[in-house]
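*Asks:* Residue numbers (my numbering), protein chains in the order written: chain P, 21 to 477; chain A, 22 to 358; chain F, 1172 to 1403.
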Amino acid sequence: MAISSPTDPPGEGGDADEAGTDPPDDADPATPDEDSIAAASGREWWRRYLREHTAHALVVAAFALYPFLYALLAASPLGTEVETLLPRVETMVAVFYFGLFAMSFDFVSGYTGYLSFGHAIFYGTGAYFVVLAANGQIPLLAPGTPFMLLLLLAGLLAVVIALAIGALSFRLSGVYFAMITLGFAQVAYVFVRGWDYVSENPRDGAAVSTEVHPGGFDVGVPGVDALNLAIGRLTGDSVELLFVELGGTEVSYYMVGLVVLVCYLAMQRLIHSPFGTVLLAIRENEERAEAVGYDPFRFKLAAFAISGFFAAIAGGLFAGFRRSVAPDNSMYFLVTGDALLASIIGGFGTLAGPLYGRLFDETVREFLSKRGSGGGLLPYLREHLPASVIEADLVGGLTVGGAIETFLNGHASLYIGVIFVLFVLYVPNGLLGTVRDRLGGTVAKQLPEYLDRYRRD
Amino acid sequence: MTGAVLTPLIVDALGEFFRLGTLSEVFVNGLSKAALYAMIASGLTLVFGLLGVLNFAHGSFTMLGAYLGGLVMVVLVGSATGDLARVLFFLVGTLFVFAAIGALGGAVEVGLIRQLYDRPPIYQILLTFGLALVLDEAARIVVSFYGIQPITDWRAALGTKPAFMVENLSVAGLSVSPLALFQIVFGTVTIGAVWLFLTRTRYGMVVRAGSEDDEMTAALGIDVNRVFTTVFALGSAIAGVAGMLLMWDPVWGASLPLAHETLLPAFVVVIVGGLGTFRGTVVAAGLVGMVDATMTWWFQNAITFTGLPEMMIFLVLVLTLIVRPQGLFGVEEVGGH
Amino acid sequence: MSLLELDGVETYYGESHILEGVDLEVEEGEVVALMGRNGVGKTTTLRSILQLTPPREGSIRYRGEELVGKETHEVADAGVGWIPEDRRMFSQLTVEENVRIAVPKGSDVQAGLDLAWDAFPDLEEIRDRDAGDLSGGQQQMLAIARGLVGENDLLLVDEPSEGLAPLIVEAVHDALEAVAGETTILLVEQNLPMALDLADRFYVLDHGVVVDSGDADEVSTDSERLRRHLSA
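1) Taking only runs that begin and end inside the region 184-237 of chain P, name each unbroken alpha helix (DSSP H) of 4 or more residues, in chain order.
2) Taking S431 (chain P) as the reference, which of A:E158, A:M332, A:E46 and A:R176 has the closest Cα?
3) I'd like to know whether the C-beta atoms of G348 (chain A) and G294 (chain A) end up nearer to each other than 7 angstroms.
4) Ends of the beta strand (DSSP E) at D358 (chain P)?
5) For the beta strand (DSSP E) that contains H1344 (chain F), what are its first and last residues?
6) Examine chain A for any beta-carbon lying closer than 7 angstroms to the beta-carbon of F1291 (chain F), and answer yes or no.
7) Along the chain, where does the beta strand (DSSP E) that runs through G1229 (chain F) open and close?
8) By the criterion of Cβ-Cβ separation under 9 angstroms, what are the contact partners of Q321 (chain A) in chain P?
9) Helix, strand or coil, according to DSSP, for N1362 (chain F) in the structure here?
10) Does V49 (chain A) pass the burial test, meaning 16 or more other C-beta atoms within 10 Å, or should it be called exposed?
11) Using beta carbons (cut-off 7 angstroms, strictly below), is M332 (chain A) in contact with chain P?
12) In this structure, does DSSP put A147 (chain P) in helix, strand or coil?
13) Quick one: is Q1263 (chain F) near chain A, going by C-beta distance under 7 angstroms?
14) Note down the Cα distance separating L342 (chain A) from A205 (chain P), rounded to an integer number of angstroms.
15) Kindly say whether T15 (chain P), judged by its beta-carbon, lies nearer than 7 angstroms to any beta-carbon of chain A.
16) What residues of chain P sit near G328 (chain A), judged by a beta carbon separation below 8 angstroms?
17) If you check the beta carbons only, do I134 (chain A) and S257 (chain A) fall under 7 angstroms apart?
18) Can you pull the chain F neighbours of I364 (chain A), defined as C-beta to C-beta under 7 angstroms?
19) What is the rounded straight-line gap between the Cα of P163 (chain P) and the Cα of G156 (chain P)?
20) Figure out for me which residue from P:A334, P:F341 and P:P374 has the closest Cα to the Cα of S272 (chain P).
21) With a Cβ-Cβ cutoff of 7 angstroms, do T327 (chain A) and I61 (chain A) count as a contact?
22) Relative to the C-alpha of S129 (chain P), which residue among P:A323, P:R213, P:E265 and P:A82 is closest?
23) Can you tell me the Cα-Cα spacing of I333 (chain P) and G146 (chain P), whole angstroms?
24) Give the range of the alpha helix (DSSP H) segment to which W273 (chain A) is assigned.
25) Find out if the Cβ-Cβ distance for the pair A75 (chain P), V384 (chain P) is shorter than 7 angstroms.
26) With a threshold of 7 angstroms on Cβ separation, who are the neighbours of M94 (chain A) within its own chain once the five nearest residues in sequence on each side are excluded?
27) Would you mind stating whether V289 (chain A) and A306 (chain A) have Cβ atoms separated by less than 7 angstroms?
28) Which residues in the same chain as H1400 (chain F) place their Cβ atom closer than 7 angstroms to its Cβ, once the five residues preceding and following it in sequence are excluded?
29) Counting pairs of Cβ atoms below 8 angstroms between the region 1289-1296 of chain F and the region 260-270 of chain A, do you hit three or more?
30) Per the DSSP calculation, F60 (chain A) is bridged to which residue(s)?
31) Pop quiz: S1219 (chain F) and T1182 (chain F) are said to be a contact at Cβ under 8 angstroms. What is the actual Cβ separation, rounded to whole angstroms?
32) Once you ignore the five residues that flank D174 (chain A) on each side, which residues in its own chain have a CB closer than 8 angstroms to its CB?
33) CA-CA distance, L154 (chain A) and Y167 (chain A)?
34) Residues of the region 217-232 of chain A in Cβ contact with chain F at a cutoff of 7 angstroms, in chain order, please.
35) Which residues mark the beginning and the end of the alpha helix (DSSP H) in which A1302 (chain F) is found?
36) Roughly how many angstroms separate the alpha carbons of G351 (chain A) and Y69 (chain P), rounded to a whole number?
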């Protein structure tokens, strides 16, 4: 195998003779169609916007209805089945903020082709920043600083870090780029794991002090009390909507989801702009992009900084909801690994795919969770299988119950890993990527035409 | 830690460090760590050199080797077993682990990695990443099933060490660890054997040629695919044996986290030495081992920052990639297609 | 039956349609020159024969046996040798090792070495030097030695004179002439005088197809016939 030079641009290095399947090409975002030309006058821009975002609206609606749906079904005769199969609302909050992290990972790695193996550094920065600020440990910031401002500042801090790391890292490509970003992230990980300013036991991380910051973190318009809702399982606000009581977790679901949605739309706008087109050009053939006149270094650095910004916001949301942070769940390279996992299952280079990938991951994990809280396979089987079946011997003293306990419960990683490997082998474009391949373009673009076909008939 | 307190501390420590006794202890310690790092990393570099695959499951093979080796020792060694017998059992166990993990590696290559030859190398990396997840969790299942603590070192396996390796000896006024010496000898022999294989056998020559230019090698009538499988098996086998060696070392020990505890340093060694060059890996292992031993001494005696050695190692990685990304012995541009 | 037959060979690099239907034949014992401007697909033709860049359409028969679909090492085993552009030395192996590795499985390695040293005594003198330290001319000789030692009935030679000083080119020419006595050669070469001197027949490639062919003594280096297809 010819070892590519550390500075080879990706996509080069004599691979011309390989029948390579690149990460999926995002359907060309910039071709105008007749409708948009006709509406270019601006009169019907909102109609055009809705049409182009029908799919998004449907997805948002689905997510918005989810907690109600879950509650309704849980109360129905199918209750236990529903609880077993569907993720709890609390889990969905994690899907949102980690999904944002995974989407930010895709923003840089999927669209430029440069794998950011150290991406956890941004997530961790966001999380630690929020916790430390809440505890009054960030100079110039009072513990009561609005959460939204904290998120913004954390994001900006991540941008600075990204620019510094990127300036040194983007001279490299491929494996070398991945390794240097990993190196930087691990330095940060080890540092934060031993820095006693963080807490008494930095190895275990830090928690938001209930003395200094007893209230939940407010999401909304900073300063306007009425337009803010606090998040957190216990510290979240409760809201009465019609006849339904939404608890702290449900409110967190909506507020975190809202922030994630806004961030997603921002990233999406960037991808579907001339900026995004250049990124794709760089991914396909960096040398050619340079020859045409773009400075790939600037664009890569910008993409990296933007992705770091949103990754830090994701970390901030995580810390805001969980009210604690540890090096192992925020800065460690396995955290980046989880984002990678979500991206492959959801679809690299699709932006929304990683969110669905994470949804899949968390659903399976909860299904096979050891504690069985929120419904899991073992409690379900325990409830519904007769004791005789559970106690039945399978092999040499191992009961059916024992087998489920040993091989299934708490071992979701095994099956997700297997699925991951299968995806790499047979579904390399991920779930959303494959859907897009079948439709011939992004869902947002194809859906209106698809629906039109039914309307005209 | 304020600067005023820091300076005299550092000066004192420097004085302490530059004594012959300290330096020799650190040197021996560094050599033993170098031996371990060389064993952890050499399989990775062989595989990358030939297949172009950065094997994320490499650490998992080390971890599996540690547990498998531990199992062999726990089974064979009883409380009455003499020291010499324990060492002999260890060597026998090494052969077993070599064969078993090597077979696993070969199966993985043929069954999984080979499917991705035609795709960009990123997919092979992703595949090995997923494989690591599967192997680690499968090991967790087995280990929990038998009631062994998954994240702490396997006590029983550690206990199968010969008695003379448990305590440090006093030799000429220095404190010497027999375990470290064993590691140095074992590592040297293993690396030496691989070196001889690469430079003195025809197959080794084929591996070196294929690492440089697999197209030309194929055009000379050599079935490169089969060489790929063999090298992947060999690389995995070495990783497994490294694990067995680590199993006896109280600093590492057989545990599930061993997989990524060894994977990351392996990456560092391989990159610093030059991806794909065996010579580079050995030299880099020496460098990283010395840095590790030196920083460990400083952590224990002056700078109270846990993770100082670890951080330094990653800084070496970052610095190398900034200053000389192809590594110490890496070639800038290889192959001309 | 020709030693080598290409029939409607179409090869792609990614999505680039390089060869669009190449037909050519090489008889045993001949030297055939393959000529054309840069980028028309001469190297790709050789790579297609070796299955390094397998054709998508068409057939390539060697001694009547279909090569398309085979592995590269199988093609090499059958007796097809490659002396590629840029020589492609194993720079980290010694000169001697570069020759050793070319000796086919099962053949006597020492006999192979002796054959190489007889043909290229200069190489024997530097047998322990790393191939990466050799000059361009020495590397080319080593590449030819590799082709010789490989017991090949057909040698695919790609631009052997490229980047070499005129004096060295002469030496290369002589070496190839000697080799041609024992083997069939398909020669890609931009150096027209050398190509036409060595070759018995020639083909001209343009836009991925053969546009002209004939006996080498029909044309001279400044003939209008060639200039049409070979000038930029």
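The C-beta atom is built at its ideal place from N, Cα and C for all residues, glycine as well.
*Replies:* Result, derived from the coordinates:
1) 194-214
2) Your numbering for residue 431 (chain P) matches position 411 in the first sequence. Correcting the residue type first, residue 431 (chain P) is His in the shown sequence and not Ser. Of the listed residues, the one whose Cα sits closest to H431 (chain P) is A:E158.
3) For the purposes of this step, residue 348 (chain A) is taken as residue 327 along the second sequence, with counting starting at 1. For the purposes of this step, residue 294 (chain A) is taken as residue 273 along the second sequence, with counting starting at 1. Cβ atoms of G348 (chain A) and G294 (chain A): closer than 7 angstroms.
4) Residue mapping note: residue 358 (chain P) aligns to position 338 of the first sequence, counting from 1. Membership of D358 (chain P) in any beta strand (DSSP E) is not indicated; the residue belongs instead to the alpha helix (DSSP H) covering F353 to G366.
5) Reading the third sequence from its first residue, position 173 is the one you call residue 1344 (chain F). It is not in any beta strand (DSSP E) - H1344 (chain F) instead sits in the alpha helix (DSSP H) that spans P1337 to A1351.
6) In the third sequence, counting from the first residue as 1, residue 1291 (chain F) sits at position 120. No, because no Cβ of chain A sits closer than 7 angstroms to the Cβ of F1291 (chain F).
7) As a working note, residue 1229 (chain F) is residue 58 in the third sequence. Run containing G1229 (chain F): E1228 to Y1233, per the beta strand (DSSP E) assignment.
8) Your numbering for residue 321 (chain A) matches position 300 in the second sequence. Per Cβ cutoff of 9 angstroms: no residues; Q321 (chain A) is ~14 angstroms from chain P at best.
9) Along the third sequence, read from residue 1 onward, the residue named residue 1362 (chain F) stands at position 191. Looking at N1362 (chain F) - three-state DSSP - the assignment turns out to be coil, as it is neither helix nor strand.
10) Here residue 49 (chain A) refers to the residue found at position 28 of the second sequence. Buried.
11) In the second sequence, the residue the question calls residue 332 (chain A) occupies position 311. Chain P, which has a Cβ nearer than 7 angstroms to the Cβ of M332 (chain A), makes this yes.
12) Against the first sequence, residue 147 (chain P) aligns to sequence position 127. Three-state DSSP puts A147 (chain P) in a helix.
13) For the purposes of this step, residue 1263 (chain F) is identified with residue 92 of the third sequence, where counting begins at 1. So yes, Q1263 (chain F) belongs to the interface.
14) The residue labelled residue 342 (chain A) in the question sits at position 321 within the second sequence. The residue labelled residue 205 (chain P) in the question sits at position 185 within the first sequence. For L342 (chain A) and A205 (chain P), the distance between alpha carbons rounds to 14 angstroms.
15) The requested residue 15 (chain P) is not part of the displayed model; chain P covers only 21 to 477.
16) Residue mapping note: residue 328 (chain A) aligns to position 307 of the second sequence, counting from 1. The answer, in chain order, is V210, F211, R213 and G214.
17) Within the second sequence, the letter at position 113 stands for residue 134 (chain A). Within the second sequence, the letter at position 236 stands for residue 257 (chain A). Taking the C-beta atoms as reference points, S257 (chain A) is found no nearer than 7 angstroms to I134 (chain A).
18) Examination of residue 364 (chain A) is not possible in this model, given that chain A is present from 22 through 358 alone.
19) Here the question's residue 163 (chain P) lines up with position 143 in the first sequence. Here the question's residue 156 (chain P) lines up with position 136 in the first sequence. Rounded to the nearest angstrom, the two C-alpha atoms are 5 angstroms apart.
20) Numbered from its first residue, the first sequence carries residue 272 (chain P) at position 252. Of the residues P:A334, P:F341 and P:P374, the one whose Cα lies closest to the Cα of S272 (chain P) is P:F341.
21) Translated into positions along the second sequence, residue 327 (chain A) becomes position 306. Translated into positions along the second sequence, residue 61 (chain A) becomes position 40. Not in contact: T327 (chain A) and I61 (chain A) (Cβ atoms no closer than 7 angstroms).
22) For the purposes of this step, residue 129 (chain P) is identified with residue 109 of the first sequence, where counting begins at 1. The residue with the shortest Cα to Cα distance from S129 (chain P) is P:A323.
23) The count along the first sequence starts at 1 and reaches residue 333 (chain P) at position 313. The count along the first sequence starts at 1 and reaches residue 146 (chain P) at position 126. Near 6 angstroms, if we compare the C-alpha coordinates of G146 (chain P) and I333 (chain P).
24) Numbered from 1 along the second sequence, position 252 holds the residue referred to as residue 273 (chain A). W273 (chain A) -> no alpha helix (DSSP H), and no H or E assigned at all.
25) The sequence position of residue 75 (chain P) within the first sequence is 55, counting from 1. The sequence position of residue 384 (chain P) within the first sequence is 364, counting from 1. No, they are not a contact pair.
26) By one-based count along the second sequence, residue 94 (chain A) stands at place 73. These residues qualify, in order along the chain: F110, F111, G114, A178 and T181.
27) Position 268 of the second sequence, counted from the start, is the residue given in the question as residue 289 (chain A). Position 285 of the second sequence, counted from the start, is the residue given in the question as residue 306 (chain A). No, the Cβ-Cβ distance between V289 (chain A) and A306 (chain A) is not below 7 angstroms.
28) Taking the third sequence and counting its residues from 1, one reaches residue 1400 (chain F) at position 229. Contacts found: G1207, V1375, D1377, V1382 and D1383.
29) no
30) Against the second sequence, residue 60 (chain A) aligns to sequence position 39. It is Met, not Phe, that sits at residue 60 (chain A) in the sequence shown. None; M60 (chain A) has no bridge partner.
31) For the purposes of this step, residue 1219 (chain F) is taken as the residue at position 48 of the third sequence. For the purposes of this step, residue 1182 (chain F) is taken as the residue at position 11 of the third sequence. Indeed they touch by this definition, with Cβ atoms about 5 angstroms apart.
32) Taking the first residue of the second sequence as 1, we reach residue 174 (chain A) at position 153. So the list reads P271, W273, G274, A275 and S276, once near-sequence residues are dropped.
33) In the second sequence, the residue the question calls residue 154 (chain A) occupies position 133. In the second sequence, the residue the question calls residue 167 (chain A) occupies position 146. In a straight line, the C-alpha of L154 (chain A) is about 20 angstroms away from that of Y167 (chain A).
34) M226, V227, R229 and A230
35) Here residue 1302 (chain F) refers to the residue found at position 131 when the third sequence is read from its first residue. No alpha helix (DSSP H) contains A1302 (chain F), which DSSP labels as neither H nor E.
36) Taking the first residue of the second sequence as 1, we reach residue 351 (chain A) at position 330. Taking the first residue of the first sequence as 1, we reach residue 69 (chain P) at position 49. Rounded to whole angstroms, G351 (chain A) to Y69 (chain P) spans 53 angstroms at the Cα level.
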